[in-house]
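Data block below; observations after.
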Amino acid sequence: MTFGFPLAFLLLLLVPLLPWLRRRGGVRKRRASIRFSWTRNASRAGRSWRQKLGALPTVLRLLAIVLLVTAIARPQKGLEQVRDVNKGIAIEMVVDRSSSMGAEMVFEQQRSNRLEIVKKVFAQFVLGNGRNLDGRPNDLVGMVSFARYAETTCPLTLAHGALPRFLETVKLAHPRSGEDGTALGDAIALAAARLEKAEEAMARQAPDREDNYELKSKVMILLTDGRQTAGKRSPLEAAQLAKEWGIKIYTIAVGSEEAVMRRDTLFGQFLQGARGQDADTRTLEAVASETGGRFFEAQNAEALGEIYREIDELERSQIESLRFMDYKELFLPFALGAFLLLGVEVVLSCTIFRKIP
226 MTFGFPLAFL LLLLVPLLPW LRRRGGVRKR RASIRFSWTR NASRAGRSWR
276 QKLGALPTVL RLLAIVLLVT AIARPQKGLE QVRDVNKGIA IEMVVDRSSS
326 MGAEMVFEQQ RSNRLEIVKK VFAQFVLGNG RNLDGRPNDL VGMVSFARYA
376 ETTCPLTLAH GALPRFLETV KLAHPRSGED GTALGDAIAL AAARLEKAEE
426 AMARQAPDRE DNYELKSKVM ILLTDGRQTA GKRSPLEAAQ LAKEWGIKIY
476 TIAVGSEEAV MRRDTLFGQF LQGARGQDAD TRTLEAVASE TGGRFFEAQN
526 AEALGEIYRE IDELERSQIE SLRFMDYKEL FLPFALGAFL LLGVEVVLSC
576 TIFRKIP
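Per our numbering, residue 226 is the first one in the sequence shown, and the count goes up by one each step.
Take a look at the structure:
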């Protein structure tokens, strides 16, 4: 038990002065009002129980004063509270789905196109793989995909169980369609705008976590195998916008001399060396440098997995335990006890222990 106003106990020093104050106030020892001519027989009589307990009203009054002073001192009971504060990260994955991402590589002993490999590695990055990736359970995660146009594939969410369904909707752009292309700048700008509103997204999805969830940082992971061929914004302009909003961008260039494209012909499917423009590593390096991120280059699927593991180590969410004391005021029991004792003292003084006059 603690006291909010311990100086109140100094009032107890005045208790020994009460008799002196009563005398100073005109209350003196009174003379007997009933006189007896012969007191010898009375003196031989034993003391009654009333005489033996004659000091009881005074004792009750002193106890009442002690309880009242204790109540004034604000007795409190401290209860330690522990609150876990999750400091998560808002992560926006930006994936190139242009036709060149159809080039195939070997991943986990199976041949698959770059886009499918990226989707699998990203899912492991978020959900964990039971080996070297623990997942991101405390982070807001979203996804933007782009070819000629950028679009939000998965909004920032804490419900990561829905991510695989969103990833299934990301398909390669057809090489001869009007949607093929690489709008790097527009994709960066769109992802930055989503991250800038991350706090609002968090408040909508988990209003009950508002007091114990904070965003530690905002991160974008940009993955492409090409260079800007479409879009209104340049990558560096979009990177400057992200920098103003405090967003860090990690850029990954995917490419391999061993990559092949699967072609469908009248005579069946054939594999041929992937051709096309290489990733614009200079621009990707500049984007990462502008925002305080890092540039990576993945020549194969294993290297891509290692890059995600490195980013996973660089950007970790935190859980902090805040300990504080929650005090409960105990004023009322002491105050009620004091008034109860005073009431009993008054009743006894006016009845059983009444003095004449």
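Ideal placement from N, C-alpha and C gives every residue a C-beta, glycine not left out.
This structure is a prediction, so every number in the text was calculated from the model and none was measured.
- In terms of Cβ geometry, valine 351 and valine 366 form a close pair [threshold 8 Å].
- The distance from the Cβ of alanine 233 to that of leucine 566 is about 18 Å, inconsistent with a contact at the 8 Å cut-off.
- Taking C-beta atoms as the reference points, valine 444 and glutamate 540 count as a pair closer than 8 Å.
- In chain order, Ala464, Ala467, Lys468, Ile472, Lys473, Ile474 place their CB closer than 7 Å to the CB of threonine 516, counting only its own chain and leaving out the 5 sequence neighbours on each side.
- DSSP places glutamate 317 within a strand segment (E or B) once states are collapsed to three.
- Counting only residues of its own chain and dropping the five nearest sequence neighbours on each side, glutamate 376 has a CB closer than 8 Å to the CB of Val369, Ser370, Leu415.
- The Cβ-Cβ distance between tryptophan 470 and alanine 417 falls below 8 Å.
- Linking isoleucine 446 to glutamine 335 through their CA atoms gives a straight-line distance of about 25 Å.
- Within its own chain, no residue has a Cβ closer than 7 Å to the Cβ of threonine 576 once the five positions on either side in sequence are excluded.
- Apart from the 5 residues on each side of it in sequence, isoleucine 297 sits with its Cβ closer than 8 Å to the Cβ of Phe230, Ala233, Leu236 in its chain, given in chain order.
- Short of 8 Å from the beta carbon of phenylalanine 556, and not among the five residues preceding or following it, lie these beta carbons of its own chain, in chain order: Ala296, Arg299, Pro300.
- Proximity to arginine 458 across Ser442, Lys422, Asp411, Arg419 peaks at Asp411, based on C-alpha coordinates.
- Tyrosine 552 has its alpha-carbon roughly 43 Å from the corresponding atom of alanine 387.
- Shortest Cα-Cα distance from aspartate 359 to any of Gly568, Tyr533, Phe559, Val571 involves Tyr533.
- Closest in C-alpha terms to lysine 312, from the list Phe332, Asn363, Asp321, comes Asn363.
- DSSP places serine 402 in no beta strand (DSSP E); its state is neither H nor E.
- Glutamate 570 is classed as buried because its beta carbon has at least 16 other beta carbons within 10 Å across all chains shown.
- Here isoleucine 446 is bridged, per DSSP, to Met318, Tyr475.
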